[in-house]
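Working notes for the structure below.
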Amino acid sequence: MMLMKRLTDLEYLKLNKFQAFLYKLKLFFCAIPAWFVSLGKGIVNFFVKCGLGIKNEFVDIITTFTKGNWAVKLSFLIFGFGNIYYGQFLRGILFLIFEVVFIGYMLVPSGGIYWIKKCNFFQTGQTVGTVQGGFQYDPIYDTDVWVSGDDSVKVLLYALLSVIFIIAFIYTWRLQVKQCRICMNITASGKKVKSGKDDMKSLLDDQFHKTLLSLPVTGILVFTVLPIIYMVLIAFTSYDAKHDGYSNLFSWVGLEHFNELFNFGKGGVGLAFGEILSWTLMWSFFATFTNYFLGMFVAIMINKKGIKFKKLWRTVLVLTIAIPQFVSLLYVSKLFNSSGIIGRLLIEWEWLPESLLATKRSLWDDPVTAKILLVIINIWIGIPHMMLMATGILMNIPDDLYESSKIDGAKVWQQYTKITLPYMLFVTGPYLLTSFVNNLNNFNVIYLLTNGNPLNTEIGTAGGVSVGSTDLLITWLHRMTLGSADTQYYMASVVGIMVFLVVAILSLVVYNVIPSTKNEEDYK
Amino acid sequence: MNKTDNKIKKSGLGAKTSRRLGNAVVYIILCIMTVVWLFPFFGIVLESFKTETKMQTAYLIPKEFGFDHYVKLFKETDFLRWFINTAIMGIATAAFQTIFILMMSYTLSRLRFKGRKLLMNFMLILGMFPGFLTMILIYKVFSDLGLTLNMAPLGLIIVYCASSAMGYYISKGFFDTIPKSLDEAARVDGATRFQVFYKVIMPLSKPIVIYTILMGFMAPWGDFMLSSYLIHENSQGMSVAVGMYEWLSKTNMNTHYTMFCAAGVIVAIPVTTIFLLLQRYYVEGVTGGAVKG
Chain A
-19 MMLMKRLTDL
-9 EYLKLNKFQA
1 FLYKLKLFFC
11 AIPAWFVSLG
21 KGIVNFFVKC
31 GLGIKNEFVD
41 IITTFTKGNW
51 AVKLSFLIFG
61 FGNIYYGQFL
71 RGILFLIFEV
81 VFIGYMLVPS
91 GGIYWIKKCN
101 FFQTGQTVGT
111 VQGGFQYDPI
121 YDTDVWVSGD
131 DSVKVLLYAL
141 LSVIFIIAFI
151 YTWRLQVKQC
161 RICMNITASG
171 KKVKSGKDDM
181 KSLLDDQFHK
191 TLLSLPVTGI
201 LVFTVLPIIY
211 MVLIAFTSYD
221 AKHDGYSNLF
231 SWVGLEHFNE
241 LFNFGKGGVG
251 LAFGEILSWT
261 LMWSFFATFT
271 NYFLGMFVAI
281 MINKKGIKFK
291 KLWRTVLVLT
301 IAIPQFVSLL
311 YVSKLFNSSG
321 IIGRLLIEWE
331 WLPESLLATK
341 RSLWDDPVTA
351 KILLVIINIW
361 IGIPHMMLMA
371 TGILMNIPDD
381 LYESSKIDGA
391 KVWQQYTKIT
401 LPYMLFVTGP
411 YLLTSFVNNL
421 NNFNVIYLLT
431 NGNPLNTEIG
441 TAGGVSVGST
451 DLLITWLHRM
461 TLGSADTQYY
471 MASVVGIMVF
481 LVVAILSLVV
491 YNVIPSTKNE
501 EDYK
Chain B
26 MNKTDNKIKK
36 SGLGAKTSRR
46 LGNAVVYIIL
56 CIMTVVWLFP
66 FFGIVLESFK
76 TETKMQTAYL
86 IPKEFGFDHY
96 VKLFKETDFL
106 RWFINTAIMG
116 IATAAFQTIF
126 ILMMSYTLSR
136 LRFKGRKLLM
146 NFMLILGMFP
156 GFLTMILIYK
166 VFSDLGLTLN
176 MAPLGLIIVY
186 CASSAMGYYI
196 SKGFFDTIPK
206 SLDEAARVDG
216 ATRFQVFYKV
226 IMPLSKPIVI
236 YTILMGFMAP
246 WGDFMLSSYL
256 IHENSQGMSV
266 AVGMYEWLSK
276 TNMNTHYTMF
286 CAAGVIVAIP
296 VTTIFLLLQR
306 YYVEGVTGGA
316 VKG
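Following this line, the structure appears as structure tokens:
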């Protein structure tokens, strides 16, 4: 798809600087539709691939059944039967145990099916769990006592686990059917199948990746994937401080909370979300680029020829990385308090905006000054990282580039814009992206310095949660989940999903634009 | 203008003076930066010695020097308990996290298997979720299992370590730089993959192992976000970060401010010393791995 005529190299070189810039800009914007088209194509391709894959699986299963002998056919019902029949006792027995455990778990009175039924998955208006706990008269104690019913949190968790178990069951079934067929083919061709001993040995050799990955991947599945799926499910329920699942069951509400996001009225979540999102993006932009350029600048200064004590300067700066942030940031935040040393001096010297001076408050009490101060203190904490990185990269730039440019009469500034900066930008492209994303989620700096305060008085509360004017999305989430009586887990989930979308879209776009991820070999 | 500039540069003397001038400016900037960078640290040390007050004052240098706050810290508060908790968390996290990350990064860098790309993309996408929302569920489950409050350090160790393999990027970048021919030579000599890992790659990986250990050890000292979920109320399982944060809350600030400074100094000394001793490895990790992303 070409919307614009591409110029040849010769034509391009004829343009003056401004025209060349316009040309590049046009190219960039003209590429956007094409980019979306290719994204669309990619998505369609993905689904087509998935469809084909599933179709192939079914065809394979059917041919396995029709062509297989009685042992293979039986293993469609009894897990691992084929493996045992062909002499793979270890695998066969493991499969069999899995099947027995699965069927047992599903059918026992309070097993899988029981929980899934109780959970009423996605039925809007239904509660998660069926028995509501409550106070009932107890003749023994002659008073009302709490009789516990279902705990929605647990019901949802067990139901989710059961669903995952079912998926694992189907996968294992498919796996062992496939293995049966392979065994059959191997035996038919006159070779011996792998024994259990061989299996164990290969775990340290050609299957070594399974051994190494088992532990870390299990950790990730249990402590990240499962909680995240759970969190996503919470977004469709009414789980909050009042409906905590134990004293009050929570229920499925469908997309109601997502609609809240588009409520831009007073007290609506949409307004607050928009406000916080825009400050989050702004913060991330300033925090990333101030650190990037100032850090680079400091690195260049320290690297300059003739500067002594290079190691000392670096060590001084690195101190802010070495000292735990909650010590340094909390202390610094208190320095600027109205009772802190710097805060008092500012009041004394009247170096404050008048609105603050009149009531003798600190820079933290005004949204605008608080934001500026945040960025400045973030420079203090953030420059050293960039300085260290830039130092390493600057040393990689060959010296003769600078020397030959000097002979050609280039000035320091020209050297910087024509040699240093392009090289740095090229090499650190991915780093810029990751640090932008890290700043989006920079909990420590915001929470320890301002805790999201001062509160945003214009918006007040959104959906019952107060909104701070320096809150990032991530600290707002913290407020929602750990704040106080108005804890709103469901809204936290919704916002969490939105954060994911923002980060994902941003990364996708940036990765498609920056050069260093695409043509790494091209440079030089 | 340009012409005169060039003239100055061409004459040897002028170049020298202009460079000297440039260096002087750089020295001045660096000195100012040093003052700004060190000011808070000197401040916190000085304030911790103020014996005459417990709150923020308008001056920095104590009127009476003394170790009162340090003594109080160990006599009247549970600070020692918190410190030990955090130290234990640091050591345990360093150990397990290193094992997990090395396993993951080595596998992704050295071994080729089906689903490798899929796994990497999966972890990349997973990392885009705000990780601490997982604490909603983990807190619930852990409080049922008794892994919060008094037992919070154990719970936190599990939280820090379990998914730590997702941070494999930097050490994978390191492994990628070790030439593959080493592996192949060992394989030809009949070594299994396990032996290649254990006898060939590990001895070469000292810098990245130390880097990973250092990062693991530092994590619990600086973490506030995750620990604030599992630790609250005044429990035996408190960590320094959460405990000391309480001291600076509005209600405690006027009675605990100088105590906070003293505690801050005590926390900072060991952590900073270890960090500065191993600084070289940190720099290697940051510059080597981060760029490759």
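Heads up: the sequence lines are chains A and B, in that order.
In terms of our numbering, the first sequence opens at residue -19 and continues consecutively.
In terms of our numbering, the second sequence opens at residue 26 and continues consecutively.
Cβ coordinates follow ideal geometry from the N, Cα and C atoms, glycine included.
Contact list for residue i against chain B, beta-carbon separation under 7 angstroms
i, result
"Gly286 (chain A)", "Arg44 and Asn48"
Contact with chain A by residue i, beta-carbon distance below 7 angstroms
i, result
"Arg135 (chain B)", "no"
"Val296 (chain B)", "yes"
"Ser188 (chain B)", "yes"
"Phe300 (chain B)", "yes"
"Trp272 (chain B)", "no"
"Gly318 (chain B)", "Residue confidence is low: Gly318 (chain B) scores 37 on pLDDT, short of 50, so the model does not pin down where it sits. No coordinate-derived value is stated."
"Val51 (chain B)", "yes"
"Val292 (chain B)", "yes"
"Thr202 (chain B)", "no"
N- and C-terminal bounds of the alpha helix (DSSP H) containing residue i
i, result
"Asp179 (chain A)", "Gly176 to Ser182"
"Gln(-1) (chain A)", "Lys(-3) to Lys47"
"Val133 (chain A)", "Ser132 to Ala168"
"Gln305 (chain A)", "Gln305 to Leu315"
"Tyr65 (chain A)", "Phe61 to Tyr65"
"Gln122 (chain B)", "Phe104 to Arg135"
"Tyr382 (chain A)", "Asp379 to Ile387"
Neighbouring residues, chain A, relative to residue i (Cβ below 9 angstroms)
i, result
"Cys131 (chain B)", "Note that residue 131 (chain B) corresponds to Tyr in the displayed sequence, not to Cys. Ordered by position in chain A, the residues that pass the 9 angstroms Cβ test against Tyr131 (chain B) are Leu192."
"Tyr95 (chain B)", "Ordered by position in chain A, no residue passes the 9 angstroms Cβ test against Tyr95 (chain B), which lies about 15 angstroms from the chain."
Residue i: contacting residues in chain B (beta-carbon distance under 8 angstroms)
i, result
"Leu141 (chain A)", "Neighbours of Leu141 (chain A) on chain B: none; closest Cβ ~11 angstroms, over 8 angstroms."
"Tyr65 (chain A)", "Chain B residues near Tyr65 (chain A): none, gap ~27 angstroms exceeds 8 angstroms."
Under 7 angstroms from the C-beta of residue i: neighbouring residues of chain A
i, result
"Phe154 (chain B)", "Ile208, Gly476 and Phe480"
"Ser253 (chain B)", "Leu462"
"Lys165 (chain B)", "Val133"
Close-in-space but distant-in-sequence residues of the same chain around residue i (CB under 7 angstroms, 5 per side omitted)
i, result
"Leu303 (chain B)", "Ile235 and Leu239"
"Tyr503 (chain A)", "Low per-residue confidence applies at Tyr503 (chain A): pLDDT is 37, beneath 50, and the placement is therefore not dependable enough to give any value."
"Gln103 (chain A)", "Trp232"
"Met191 (chain B)", "Met148, Leu151 and Gly152"
"Ala215 (chain A)", "His237, Tyr470, Ser473, Val474 and Ile477"
"Val221 (chain B)", "Asp208, Ala211 and Arg212"
Chain B within 7 angstroms of residue i, Cβ atoms only
i, result
"Val204 (chain A)", "The residue you asked about is not Val; residue 204 (chain A) is Thr in the sequence shown. Cβ-Cβ to chain B under 7 angstroms: yes for Thr204 (chain A)."
"Val355 (chain A)", "no"
"Gln(-1) (chain A)", "no"
"Val307 (chain A)", "yes"
Beta-carbon contacts of residue i that lie in its chain and below 6 angstroms, excluding the five residues immediately before and after
i, result
"Val489 (chain A)", "none"
"Gly268 (chain B)", "Trp107"
"Gly432 (chain A)", "Gly448, Thr450, Asp451 and Thr455"
"Arg154 (chain A)", "none"
"Leu310 (chain A)", "Leu428"
"Glu501 (chain A)", "No answer about Glu501 (chain A) holds up, because its pLDDT of 38 lies below 50 and its placement is not dependable."
Within chain D, the residues that residue i reaches when beta carbons sit closer than 7 angstroms
i, result
"Gly320 (chain A)", "This model lacks chain D altogether; the protein chains it does include are A and B."
Residue i: first and last residue of the uninterrupted beta strand (DSSP E) it sits in
i, result
"Thr204 (chain A)", "Premise fails: Thr204 (chain A) is in no beta strand (DSSP E) and is neither H nor E."
"Val213 (chain B)", "Run containing Val213 (chain B): none in the beta strand (DSSP E); it sits in the alpha helix (DSSP H), Lys205 to Val213."
"Asp169 (chain B)", "Unbroken run through Asp169 (chain B) is the alpha helix (DSSP H), Met160 to Leu170; no beta strand (DSSP E)."
"Val234 (chain B)", "Taken as a continuous stretch (DSSP letters only), Val234 (chain B) belongs to no beta strand (DSSP E), being part of the alpha helix (DSSP H) at Lys231 to Gly247."
"Thr123 (chain A)", "Thr123 to Val127"
Neighbouring residues, chain A, relative to residue i (Cβ below 8 angstroms)
i, result
"Thr59 (chain B)", "Trp293 and Val296"
"Trp107 (chain B)", "Under the 8 angstroms cutoff, chain A gives no residues; its nearest Cβ is about 12 angstroms from Trp107 (chain B)."
"Gly247 (chain B)", "Pro304, Gln305, Phe306 and Asn424"
Residues that residue i contacts on chain B, provided the C-beta gap is smaller than 9 angstroms
i, result
"Ile387 (chain A)", "The contacting residues do not exist; Ile387 (chain A) stays about 11 angstroms from chain B at best."
Same chain, Cβ closer than 8 angstroms to residue i, five either side skipped, listed in chain order
i, result
"Arg45 (chain B)", "none"
"Lys100 (chain B)", "none"
Task: At least three beta-carbon pairs within less than 8 angstroms, the segment 115 to 128 of chain B to the segment 181 to 190 of chain B - done: yes
TODO: Answer yes if the segment 454 to 468 of chain A comes into contact with the segment 364 to 379 of chain A, meaning at least three C-beta pairs across the two stretches below 8 angstroms, and no otherwise.
DONE: no
TODO: Count the C-beta pairs between the segment 200 to 212 of chain A and the segment 155 to 171 of chain B that are closer than 8 angstroms, then say yes if the count reaches three, no if not.
DONE: yes
Task: the segment 134 to 142 of chain A in contact with the segment 91 to 102 of chain A per 3-pair CB rule at 8 angstroms - done: yes
Open item on the list: I want to know whether the segment 246 to 256 of chain A touches the segment 388 to 402 of chain A - three or more CB-CB distances under 8 angstroms.
Closed with: no
Open item on the list: Measuring CB atoms only, is the segment 268 to 279 of chain B touching the segment 256 to 269 of chain A, in the sense that at least three cross pairs come out at less than 8 angstroms?
Closed with: no
Task: Segment contact flag, the segment 130 to 143 of chain B with the segment 190 to 204 of chain B, C-beta cutoff 8 angstroms, min 3 pairs - done: yes
Task: Inter-stretch contact at 8 angstroms, needing at least 3 Cβ pairs: the segment 292 to 307 of chain A / the segment 409 to 419 of chain A - done: No: fewer than three Cβ pairs fall under 8 angstroms.
Task: Three CB pairs or more closer than 8 angstroms across the segment 237 to 257 of chain B and the segment 161 to 180 of chain B - done: Pairwise C-beta distances place the segment 237 to 257 of chain B in contact with the segment 161 to 180 of chain B, as three or more of them are shorter than 8 angstroms.
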